[in-house]
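Read in order, the letters of the sequence shown correspond to residues 0 to 44 in numbering that gives the first Met the number 0.
Here a beta-carbon is modelled for each residue, glycine too, at the ideal position from N, C-alpha and C.
Let me begin by presenting the structure, written as structure tokens, before commenting on it.
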Amino acid sequence: MSLKRKRKNWITETAHTFGFSDSSHYTRTFKETFGVTPKFLLPKT
């Protein structure tokens with residue numbers, strides 16, 4: 000599995016863990032709250 004795909008899966012799994020039915024809604028809410036997207040917090044390796 001590629002790193003890009005692993006990151007997407009991580010965001011999707013996190014969204015579902017916090018009760019979001021869709022990762023794009025989670026990402027928008029996260030950005031509105033914290034000023035950055037969840038992807039920004041992931042290591043850049």
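Straight-line gap, residue i to residue j (C-alpha atoms, nearest Å)
{"i": "Phe39", "j": "His15", "result": "19 Å"}
{"i": "Ser22", "j": "Lys43", "result": "20 Å"}
{"i": "Lys30", "j": "Lys5", "result": "20 Å"}
{"i": "Gly18", "j": "Glu12", "result": "10 Å"}
{"i": "Val35", "j": "Ser20", "result": "20 Å"}
{"i": "Leu41", "j": "Asn8", "result": "12 Å"}
{"i": "Pro37", "j": "Thr28", "result": "10 Å"}
Nearest-angstrom Cβ-Cβ length linking residue i and residue j, presumed shorter than 8 Å
{"i": "Thr26", "j": "Ile10", "result": "7 Å"}
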